[in-house]
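Notes to accompany the following structure.
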Amino acid sequence: MGIIRILAPYLTLLRPNLVQNHQLIMARRLYASRTIGVDKNVWVEFTQLAADYKAVNLGQGFPDFSPPQFVQDAFCKAVSGGPQMHQYTRAFGHPRLVKSLAKFFSRVVGHEIDPFEDVLVTVGAYQALFCAFQALIDDGDEVIIVEPFFDCYQPMVLMAGGTAVYVPLRPKGGSSVLSSGDWVLSAEELASKITPRTKAIVINTPNNPLGKVYKVEELQMIADLCIKHDLLCFSDEVYEWLTYDGAKHVKIASLPGMWERTITVGSAGKTFSATGWKVGWAISSGKLIKHMKIIHQNSVYHCATAAQEAVSHGFDREYELFGTPESYFQQLPATLHQKRQKLASCLRSVGLQPVMPEGGYFMITDISSVNVDLNDESTKNESYDFRFVKWLIKEKGLATIPVSAFFSPEHSKEFDKYIRFCFVKEDSTLEAAEEILRKWSQKE
Amino acid sequence: MFTNAAFFSPACEKRSVLLEHWSCLNSTATSVMASRHTHAKRIEGLDKNVWVAFTSLAADPSIVNLGQGFPDIPPPSYVKDALAKAASVDRMNQYTRGFGHPSLVKALSQVYGKVYSRQVDPLKEILVTVGGYGSLFSTIQGLVDEGDEVIIVEPFFDCYVPMVRMAGAKPVLIPLRPKPGKKTVSSADWYLDPDELSAKFSSKTKAIIINTPNNPIGKVFTRGELQMIADLCIKHDTLCFSDEVYEWLVYKGHQHVKIATLPGMWDRTITIGSAGKTFSVTGWKLGWSIGPEHLIKHLQTVMQNTLYTCPTPLQEAVAQGLLLNYKLMGQPDCYFSSLAEELEGKRDHLAAILQEAGMSPVVPEGGYFMLVDVTPLNQDLSHMGDDEAYDYKFVKWMIKEKKLAAIPVTAFVGEESKEQFEKYIRLCFIKVDHKMSMGKNVPPFISFWFAAMETNLITF
Chain P
1 MGIIRILAPY
11 LTLLRPNLVQ
21 NHQLIMARRL
31 YASRTIGVDK
41 NVWVEFTQLA
51 ADYKAVNLGQ
61 GFPDFSPPQF
71 VQDAFCKAVS
81 GGPQMHQYTR
91 AFGHPRLVKS
101 LAKFFSRVVG
111 HEIDPFEDVL
121 VTVGAYQALF
131 CAFQALIDDG
141 DEVIIVEPFF
151 DCYQPMVLMA
161 GGTAVYVPLR
171 PKGGSSVLSS
181 GDWVLSAEEL
191 ASKITPRTKA
201 IVINTPNNPL
211 GKVYKVEELQ
221 MIADLCIKHD
231 LLCFSDEVYE
241 WLTYDGAKHV
251 KIASLPGMWE
261 RTITVGSAGK
271 TFSATGWKVG
281 WAISSGKLIK
291 HMKIIHQNSV
301 YHCATAAQEA
311 VSHGFDREYE
321 LFGTPESYFQ
331 QLPATLHQKR
341 QKLASCLRSV
351 GLQPVMPEGG
361 YFMITDISSV
371 NVDLNDESTK
381 NESYDFRFVK
391 WLIKEKGLAT
401 IPVSAFFSPE
411 HSKEFDKYIR
421 FCFVKEDSTL
431 EAAEEILRKW
441 SQKE
Chain D
1 MFTNAAFFSP
11 ACEKRSVLLE
21 HWSCLNSTAT
31 SVMASRHTHA
41 KRIEGLDKNV
51 WVAFTSLAAD
61 PSIVNLGQGF
71 PDIPPPSYVK
81 DALAKAASVD
91 RMNQYTRGFG
101 HPSLVKALSQ
111 VYGKVYSRQV
121 DPLKEILVTV
131 GGYGSLFSTI
141 QGLVDEGDEV
151 IIVEPFFDCY
161 VPMVRMAGAK
171 PVLIPLRPKP
181 GKKTVSSADW
191 YLDPDELSAK
201 FSSKTKAIII
211 NTPNNPIGKV
221 FTRGELQMIA
231 DLCIKHDTLC
241 FSDEVYEWLV
251 YKGHQHVKIA
261 TLPGMWDRTI
271 TIGSAGKTFS
281 VTGWKLGWSI
291 GPEHLIKHLQ
301 TVMQNTLYTC
311 PTPLQEAVAQ
321 GLLLNYKLMG
331 QPDCYFSSLA
341 EELEGKRDHL
351 AAILQEAGMS
361 PVVPEGGYFM
371 LVDVTPLNQD
381 LSHMGDDEAY
391 DYKFVKWMIK
401 EKKLAAIPVT
411 AFVGEESKEQ
421 FEKYIRLCFI
431 KVDHKMSMGK
441 NVPPFISFWF
451 AAMETNLITF
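If you read the protein sequences in the order shown, they are chains P and D. The first sequence finishes on residue 444 if you use UniProt numbering, and the numbering steps up by one all the way, no holes. The second sequence finishes on residue 460 if you use UniProt numbering, and the numbering steps up by one all the way, no holes.
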């Protein structure tokens with residue numbers, strides 16, 4: 001009798017496990033319908049694979065070198081600052097940071113930005129995008145996404161009840177597509193995708209994964225359509241400081257008629273090579289920001305204080321040094337310019353064809369000339385580039401990301417012969433990759 | 001247009017004037033059309049927020065802020081040191097695992113494995129979020145659908161209702177009630193009527209949200225009370241979202257019980273915790289959800305589509321803090337229990353002084369808030385109009401006239417329960433602020449308390 005009493009709690013705990021394979025816990029569906037179709041995620045899959053095989057990782061987009069000393073110092077200073085550095089700050093953005101951002105970007109955009117009305121600080125640019133979609137996209141709204149697109153835009157549109165409509169950047173006619181500048185948007189194709197239900201268009205410049213830096217006339221074409229059809233524009237500009245070969249980053253929000261309909265998203269992680277701090281922002285007219293604030297106050301409410309304080313100091317320093325050789329916004333692109341060259345020549349030397357990016361962290365490479373036997377049953381039903389990338393991780397110990405992950409289902413087959421490399425890595429990492437590629441090409 | 005590099009050129013300035021003029025004209029023309037840009041329906045009616053309102057009122061440095069729930073004492077030094085150390089490691093400044101930094105989820109798994117007396121899988125049964133707030137959001141977005149009903153116990157931490165509404169679901173409220181015939185001197189004098197609660201469950205009920213220790217009352221639900229709730233969850237096949245951010249702040253004579261440990265509850269409960277409340281670092285905004293894989297995976301889906309990952313160095317530092325205290329669990333210098341001991345002293349002093357001055361504090365069994373019944377003060381606020389509940393007016397009056405900020409308790413209840421709670425204000429006692437220039441006409445009880453603080457009767 002005593003034994004049964006002792007065992008009883010354990011038996012009741014076991015019971016649910018016994019029924020786990022059928023009925024489970026609830027007769028009706030556990031999960032909310034907004035999570036349907038947004039559960040798969042390319043990063044979760046490939047990051048795990050790269051870790052499992054201890055691959056040289058040129059896959060996920062983060063630097064493997066440290067943030068600049070001045071922001072690290074600012075962070076340490078914040079951490080050892082008064083108790084208030086470790087307690088809640090202003091929900092919509094630490095006052096010191098929103099003031100620094102407003103001051104800095106007012107000068108860039110040529111428009112007075114109100115720190116408290118026109119700026120929302122978020123947990124990375126990722127959360128800024130989330131707030132924009134949730135605040136402004138409703139059931140049945142259509143959102144035009146220019147592809148290739150950073151993969152989160154599509155599930156975010158879906159989760160907001162919207163419908164994604166895709167318009168691809170296409171390589172210009174002709175055989176040698178050597179630069180991201182050769183990938184263009186067709187004005188007619190874009191215009192044809194606009195319907196009375198279109199609410200917004202999402203652009204990303206410099207573009208991930210392609211590296212395209214939209215020229216002013218390209219942005220003007222998009223702006224004209226936004227104004228004509230009264231659309232909103234979500235402009236993801238996280239790589240805004242990283243342009244090469246004299247390409248100039250242009251803010252679509254600074255074009256006439258665009259300030260009040262554009263949400264510009266930025267990232268401290270990409271700006272200061274500190275992706276792990278997860279500090280981002282949205283800047284727009286107060287009329288749009290106020291809706292995003294409601295999402296923010298009902299989802300995360302506050303962002304971490306100390307990191308915001310540190311980023312604020314970073315921007316103040318850059319405000320003073322802007323345009324000078326000491327500016328990190330000059331030095332970082334100069335460093336990355338070298339790394340970009342290094343990776344590109346290494347890829348060419350083994351017979352691959354990189355598309356030179358005008359900006360950003362990434363380079364895509366055409367792998368159609370590569371002949372390998374992708375003898376892997378487990379990836380049989382996946383697209384070519386997915387299979388190739390997995391093979392490259394498992395057989396060669398080199399991690400990259402398949403580019404069709406950045407295309408819509410309807411167009412991914414057209415673009416399944418490209419893989420994406422991140423070159424924002426220490427030279428030693430790039431050299432290790434070079435070594436792998438060299439060995440591989442020699443064997444062939 | 002302006003490029004990042006072009007702003008130095010003088011031609012820019014002329015262009016900027018022209019463009020400003022031009023965009024001004026354009027915006028007049030488009031502002032008529034811009035009315036088409038309505039916000040999404042999901043945010044309708046969710047703009048009001050008691051914190052946004054009262055934090056700005058209390059922001060004036062001359063006001064002593066016992067309103068918002070955050071400590072103004074420093075966190076333990078080892079936690080700050082761990083953060084500084086983490087930030088000095090290159091890799092710690094870059095992205096970590098989306099669902100939670102490996103060393104943090106492992107530490108959480110150890111601590112909670114011990115607390116739950118069961119294995120907690122660090123990768124599948126834990127999600128790290130942006131504060132307890134972020135956990136609530138991921139839970140509700142992941143598991144609550146349009147048309148669902150969610151039972152919420154009043155008074156509730158104010159975000160529960162807007163979050164449920166944002167998910168398109170209906171909040172069904174049930175108040176904690178004072179035990180009949182008893183004066184409310186302790187948070188234990190408030191209870192949930194089992195019949196009343198039972199009647200709130202319907203075929204549409206997806207979940208019930210409970211908060212123990214409760215904010216703002218400080219009630220620590222007993223095992224019997226939780227069993228009553230658990231029985232209803234099982235009978236009606238609902239989920240339970242248990243907000244336990246104050247789980248370590250439980251005072252002598254009371255025990256924090258995790259509803260997830262009751263039979264049949266692990267598989268249907270999400271339990272929420274907070275680094276901010278555990279280590280007195282609310283500004284770190286880290287929290288976690290713990291539950292079975294078949295529920296946590298949906299929260300993970302929400303996470304990967306909202307902000308993807310939480311800051312790395314902060315997670316590493318919390319991991320270190322948890323590991324350190326894991327080794328000390330059960331010993332007096334474990335922060336999980338030592339903080340509670342220190343706060344108990346503050347609680348008792350505040351309660352005593354309020355009582356001496358003829359006020360009616362509700363002594364909390366847990367958490368770091370205390371309700372105070374302001375009825376005895378008999379403050380006439382008719383000059384402030386009648387469009388707000390009494391406690392809202394009282395707090396605004398107190399901020400303005402007495403330079404003391406609290407939070408009105410009706411912010412934590414629905415319309416129908418406002419009358420029951422409008423004579424209560426909420427004070428936060430995890431404070432050590434000596435900078436009070438309160439001056440004029442301070443009600444005796446307040447000056448008593450601050451005098452006590454100044455003479456170090458209340459110390460940290």
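From the three backbone atoms N, C-alpha and C, an ideal C-beta is built for every residue, glycine too.
When C-beta distances to chain D are compared with 7 Å, the residues of the stretch 266-281 of chain P below that value are A274, T275, G276, W277 and K278, in chain order. Across the stretch 33-58 of chain P, CB contacts with chain D closer than 8 Å involve S33, R34, T35, V38, D39, N41, W43, V44 and T47, in sequence order along the chain. For K212/P, the closest of I364/P, D385/P, F415/P and Q338/P by C-alpha to C-alpha distance is I364/P. If you keep only unbroken alpha helix (DSSP H) runs of at least 4 residues inside the stretch 250-291 of chain P, you get 268-271.
Residue contact check for L30/P against chain D: a CB pair falls below 9 Å. A distance of 9 Å or more separates the beta carbons of L377/D and K393/D. About 7 Å separates the CB atoms of L332/P and L242/P; that is less than 8 Å, so the two are in contact. In the three-state scheme derived from DSSP, where H, G and I count as helix and E and B as strand, W288/D is classed as strand. Here DSSP, grouped into helix, strand and coil, assigns C233/D to helix. Rounded to the nearest angstrom, the gap between the Cα atoms of I401/P and T47/P is 10 Å. Using a CB distance cut-off of 9 Å, P402/P does not count as an interface residue toward chain D.
With a minimum length of 3 residues, the unbroken runs of beta strand (DSSP E) contained wholly in the stretch 136-214 of chain D fall at 149-154, 170-175 and 205-211.
In the DSSP assignment, V165/P falls within the unbroken beta strand (DSSP E) covering T163 to P168. Restricting attention to alpha helix (DSSP H) runs no shorter than 4 residues, the stretch 101-170 of chain P encloses them at 124-136 and 153-159, ordered along the chain.
Taking 9 Å as the cut-off, the beta carbon of Y335/D is found no closer than this to the beta carbon of P74/D.
At least 9 Å separates the beta-carbon of V144/D from that of A107/D. Taking 8 Å as the upper bound for CB-CB distance, L83/D and P313/D are in contact here, some 6 Å apart.
Taking the C-beta atoms as reference points, V161/D is found no nearer than 9 Å to I151/D.
Excluding five sequence positions before and after A169/D, the CB atoms of its chain that fall closer than 6 Å to its own CB belong to V144, D148 and V150, given in chain order. The beta-carbon of I43/D is placed less than 9 Å from the nearest beta-carbon of chain P.
With contact defined as three or more Cβ pairs closer than 8 Å, the stretch 267-276 of chain P and the stretch 35-54 of chain P are not in contact. Sequence-ordered contacts of the stretch 293-313 of chain D with chain P read H294, L295, H298, T301, V302, Q304, N305, T306, L307, Y308, T309, C310, P311, T312 and P313 [C-beta pairs closer than 7 Å]. Contact annotation for N298/P against chain D: L46, C159, P162, M163 and M166 [CB-CB distance below 7 Å, chain order]. Taking the C-beta atoms as reference points, C422/P is found nearer than 9 Å to Q60/P. F116/P is a Cβ neighbour of V98/P, given a cutoff of 9 Å.
If you look at R387/P, you'll find it in the alpha helix (DSSP H) that goes Y384 to W391. Listed along chain D, the residues sitting closer than 8 Å to V79/P by beta-carbon distance are K80, L83, A84 and A87. For G124/P, a Cβ of chain D is located within less than 9 Å of the residue's own Cβ. Burial check for L127/D: the Cβ neighbour count within 10 Å reaches 16 or more, so the residue is buried. Rounded to the nearest whole angstrom, the CA to CA distance from I25/P to A32/P is 15 Å. Under the DSSP definition of a beta bridge, R426/D partners with L371/D and I407/D.
One finds A135, L136 and H291 in chain P with Cβ atoms closer than 7 Å to the Cβ of H39/D, taken in chain order.
With its beta carbon at least 9 Å from every one in chain P, M228/D lies outside the interface.
Pairing A307/P with W277/P gives a Cβ-Cβ distance under 9 Å. Within the model, the alpha-carbon separation for K235/D versus D243/D is close to 21 Å. Taking 9 Å as the cut-off, the beta carbon of V409/D is found no closer than this to the beta carbon of L350/D.
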